[in-house]
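Enquirer: The following block contains the structure, expressed as C-alpha cells.
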Amino acid sequence: MDTGYGTMMDQFQQLIERCRNLIEQQLRVFMRKSPPRPRFVAEPVHYILAKRGKRIRPVLLLLACKAVNGRIGDALPAGVAVELLHNFTLVHDDIMDNATTRRGRATVHTKWDQSTAILVGDELIALAYRSLLQAKSSRLRAILDTFTQAFVAVCEGQGLDKEFEAQRRVSLGRYLTMIEQKTARIVSASAEIGALVGGGTAQQVDALRKYGLHLGCAFQVQDDLLDVVADESRFGKTAGADIVSGKKTYLLVRALQKAKGADRDLLVRVVRRNALIEPNVPRIRAIYEKYDIFGEARRTAKEETERAKRAISMLPSQRGRAALNSFADLLLDRNF
Numbered sequence: 009m010d011t012g013y014g015t016m017m018d019q020f021q022q023l024i025e026r027c028r029n030l031i032e033q034q035l036r037v038f039m040r041k042s043p044p045r046p047r048f049v050a051e052p053v054h055y056i057l058a059k060r061g062k063r064i065r066p067v068l069l070l071l072a073c074k075a076v077n078g079r080i081g082d083a084l085p086a087g088v089a090v091e092l093l094h095n096f097t098l099v100h101d102d103i104m105d106n107a108t109t110r111r112g113r114a115t116v117h118t119k120w121d122q123s124t125a126i127l128v129g130d131e132l133i134a135l136a137y138r139s140l141l142q143a144k145s146s147r148l149r150a151i152l153d154t155f156t157q158a159f160v161a162v163c164e165g166q167g168l169d170k171e172f173e174a175q176r177r178v179s180l181g182r183y184l185t186m187i188e189q190k191t192a193r194i195v196s197a198s199a200e201i202g203a204l205v206g207g208g209t210a211q212q213v214d215a216l217r218k219y220g221l222h223l224g225c226a227f228q229v230q231d232d233l234l235d236v237v238a239d240e241s242r243f244g245k246t247a248g249a250d251i252v253s254g255k256k257t258y259l260l261v262r263a264l265q266k267a268k269g270a271d272r273d274l275l276v277r278v279v280r281r282n283a284l285i286e287p288n289v290p291r292i293r294a295i296y297e298k299y300d301i302f303g304e305a306r307r308t309a310k311e312e313t314e315r316a317k318r319a320i321s322m323l324p325s326q327r328g329r330a331a332l333n334s335f336a337d338l339l340l341d342r343n344f
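Quick note: to get our numbering, add 8 to the position in the sequence shown (first position is 1).
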C-alpha cells in the first residue's frame with residue numbers, strides 16, 4: 009500500500025534536481041556574461057566549473073530561501089557565489105595538500121602549474137563577489153557580511169588544519185573548532201544567506217545559520233569516516249588517503265585518545281611520520297574498528313544531523329522543514 013512516503017521523496021528529489029539545474033543554468037549565464045578573460049585564466053576556470061558537481065551548498069541556499077517563503081530565482085546569484093567560493097577552497101587546498109587528482113580528474117596545479125592554480129583560485133573569489141553583488145535583496149550588506157565572514161573562517165580553518173600537521177597531539181575540541189571553520193561555516197553561510205535573500209525573520213535566519221553549522225560538522229565527520237570505509241568506485245576517493253597523508257581526522261584524534269599499548273605506539277608513529285604508513289593502513293583500520301572509532305564517528309554525525317533538524321523546528325513552513333530535514337538525511341547517508 010502506498011503510504012505517500014514514496015511520493016513525498018519523489019517530489020523532494022525533483023526539487024533537488026530542479027535546484028541543481030537552476031544553479032547550472034545560472035553558472036553558465038554568469039560566466040557567459042562576464043567580460044573576456046585571458047586564456048591563462050579562462051581555460052582553468054572553465055575546466056573547474058564544467059564538471060557538474062553535487063552543488064550541495066548552492067542547493068542548500070535555495071532550499072533555505074524557499075523555507076522562509078522566498079523566491080528561489082532571487083537567490084540564484086548568491087547560490088553561484090557560494091559554489092565559486094567552495095571551488096576556490098578546493099583549488100587552493102589541492103595545492104597545499106600536493107593532491108594530483110580530485111574526483112578522478114587532474115587537479116588544476118597538476119594539469120597546468122602552481123602559479124596558474126593560485127591565480128585561478130583568486131579569480132574564483134573575485135567572480136564570487138561579482139555574482140553575490142547581483143543578489144536581489146534589500147539586505148545585501150548583511151549577505152555580504154555573512155559571506156565574507158565565512159571566507160575568513162575557511163581560510164583560518166585551513167590554517168588550523170595545516171598547524172595540526174606539525175602537532176603530535178590535537179584535542180577533540182580543537183579538531184571540532186577546525187572543522188567548524190574549514191567546512192561548516194560555508195555550509196552555515198549558505199543556509200543563512202538563503203534565509204536573508206528570502207526575507208526571513210531574524211529568528212528564522214539564526215535558526216538556519218545553526219542548522220547549517222551542525223549540518224556542516226556532520227558532513228565533515230562523515231567525510232572522515234568515508235575516507236576509510238567507503239567504496240572507492242562510488243565516492244571517487246582512494247580509501248585511506250587521509251591516513252597516508254597523516255591528516256588529523258576525527259578518527260585519528262579519537263583513536264589516539266582511546267588506544268593503548270602497541271596500537272597507540274603505531275598511531276603515534278603515524279603522527280610523527282616515523283612509520284611506513286601505506287602498508288599499515290589495514291592495521292590502522294583494524295585499530296579504529298577495535299576501539300569503536302567508526303561507531304563513534306557515525307553516532308557523532310547522526311547527533312549533529314539531529315541538532316540541525318531541531319534548530320529549524322520553529323520554521324513556519326512545514327514543507328520547508330520537511331525539505332531541509334530530507335536534505336540533512338541525504339547528506340548523512342551520502343545519497344545526494
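For each residue, glycine too, the CB sits at the ideal point set by N, CA and C.
1) Measure from the alpha carbon of Val-53 to the alpha carbon of each residue in Leu-127, Lys-74, Ile-194 and Val-90, then state which is nearest.
2) What is the DSSP secondary structure of Arg-47, counted as helix, strand or coil?
3) For the ligand SAM, any of its heavy atoms closer than 8 Å to the Cβ of Gln-189?
4) Taking just the CA atoms, how far does Ile-64 sit from Ala-158?
5) From Thr-257 to Val-229, what distance separates their C-alpha atoms?
6) Go ahead and pull the three-state DSSP assignment for Thr-109.
7) Cα-Cα, which of Leu-30, Tyr-55 and Leu-71 is closest to Ser-334?
8) When burial is assigned at 16 or more other CB atoms within 10 Å of the CB, is Arg-217 buried or exposed?
9) Against chain B, with Cβ distances strictly below 9 Å, would Val-99 count as a contact?
10) Do Leu-93 and Ile-133 have their beta-carbon atoms positioned less than 9 Å apart in this structure?
11) How many Å lie between Thr-185 and Val-162 at the Cα?
12) Assign Arg-113 to one of two classes, buried (16 or more other C-beta atoms within 10 Å of its C-beta) or exposed (fewer than that).
13) Under the rule that 16 or more other beta-carbon atoms within 10 Å means buried, what is Phe-48, buried or exposed?
14) Once the 5 residues before and after Thr-108 are set aside, which same chain residues still bring their CB inside 8 Å of it?
15) What first and last residue would you give for the alpha helix (DSSP H) that runs through Asp-153?
16) Measuring alpha carbon to alpha carbon, tell me which of Leu-259, Glu-25, Pro-290 and Lys-59 ends up nearest Val-301.
17) Would you say Val-90 and Ala-197 are within 9 Å of each other, going by their C-beta atoms?
18) For Gly-314, tell me which candidate among Arg-40, Glu-304 and Ala-226 has the shortest Cα-Cα distance.
19) Per DSSP, what are the beta-bridge partners of Ala-114 in this structure?
20) Beta-carbon within less than 7 Å of Ala-249's beta-carbon, same chain only, minus the 5 sequence neighbours each way: which residues are those?
21) Determine the DSSP secondary structure at Leu-340, reduced to helix, strand or coil.
22) Which whole-angstrom value is the C-beta distance of Leu-204 and Thr-154, which I expect to be below 8 Å?
23) Does Asn-288 pass the burial test, meaning 16 or more other C-beta atoms within 10 Å, or should it be called exposed?
24) So, with DSSP's three-state summary, where would you put Ser-325?
Expert: Let me spell this out:
1) On the sequence shown, position 45 is the one that residue 53 refers to. If we check each option's Cα against that of Val-53, Leu-127 comes out closest.
2) As a first step, residue 47 is located in the sequence shown; it is residue number 39 there, counting from the start. It is helical.
3) Judged by which ligands are present, the structure shown has none, so any question about the ligand SAM falls away.
4) On the sequence shown, position 150 is the one that residue 158 refers to. On the sequence shown, position 56 is the one that residue 64 refers to. Distance between the alpha carbons of Ala-158 and Ile-64 is about 16 Å.
5) The count along the sequence shown starts at 1 and reaches residue 257 at position 249. The count along the sequence shown starts at 1 and reaches residue 229 at position 221. Answer to the nearest angstrom: the Cα atoms are 8 Å apart.
6) To locate residue 109, count along the sequence shown from 1; it is residue 101. In the structure shown, Thr-109 sits in a strand (DSSP, three-state: E or B).
7) Counting from 1 along the sequence shown, the entry for residue 334 is found at position 326. If we check each option's Cα against that of Ser-334, Leu-71 comes out closest.
8) In the sequence shown, residue 217 corresponds to position 209, counting from 1. Buried: at least 16 other Cβ atoms inside 10 Å.
9) Protein chains in the displayed structure number just one, and chain B is not present.
10) Residue numbering aside, residue 133 sits at position 125 when the sequence shown is read from its first letter. Residue numbering aside, residue 93 sits at position 85 when the sequence shown is read from its first letter. Yes.
11) Locating residue 185 in the sequence shown gives position 177, counting from the first residue. Locating residue 162 in the sequence shown gives position 154, counting from the first residue. Cα to Cα, Thr-185 sits roughly 11 Å from Val-162.
12) Locating residue 113 in the sequence shown gives position 105, counting from the first residue. When all chains shown are included, Arg-113 counts as exposed.
13) The count along the sequence shown starts at 1 and reaches residue 48 at position 40. So Phe-48 counts as exposed.
14) Taking the first residue of the sequence shown as 1, we reach residue 108 at position 100. Counting only Cβ-Cβ distances below 8 Å, and skipping sequence neighbours, we find Ala-114, Thr-115 and Thr-118.
15) Within the sequence shown, numbered from 1, the residue matching residue 153 stands at position 145. Run containing Asp-153: 148 to 173, per the alpha helix (DSSP H) assignment.
16) Numbered from its first residue, the sequence shown carries residue 301 at position 293. Val is not the amino acid found at residue 301; the sequence shown has Ile there. Of the candidates Leu-259, Glu-25, Pro-290 and Lys-59, the one whose C-alpha sits nearest the C-alpha of Ile-301 is Leu-259.
17) Counting from one through the sequence shown, the residue named residue 90 turns up at place 82. Counting from one through the sequence shown, the residue named residue 197 turns up at place 189. Cβ distance < 9 Å, so Val-90 and Ala-197 count as in contact.
18) Position 306 of the sequence shown, counted from the start, is the residue given in the question as residue 314. The question names Gly, yet the displayed sequence has Glu at residue 314. That would be Ala-226, whose Cα lies nearest to the Cα of Glu-314.
19) As a position in the sequence shown, residue 114 is number 106, starting the count at 1. Answer by DSSP bridge pairing, in chain order: Thr-109.
20) In the sequence shown, the residue the question calls residue 249 occupies position 241. Cβ neighbours of Ala-249 beyond the five flanking positions: Asp-235.
21) Taking the sequence shown and counting its residues from 1, one reaches residue 340 at position 332. The answer is helix: DSSP assigns Leu-340 an H, G or I state.
22) One-based indexing of the sequence shown puts residue 204 at position 196. One-based indexing of the sequence shown puts residue 154 at position 146. Contact flag correct, Cβ pair sits at about 7 Å.
23) On the sequence shown, residue 288 is found 280 positions in, with the first residue counted as 1. With 16 or more other Cβ atoms within 10 Å, it is buried.
24) As a working mapping, residue 325 is identified with position 317 in the sequence shown. Coil at Ser-325, not helix or strand.
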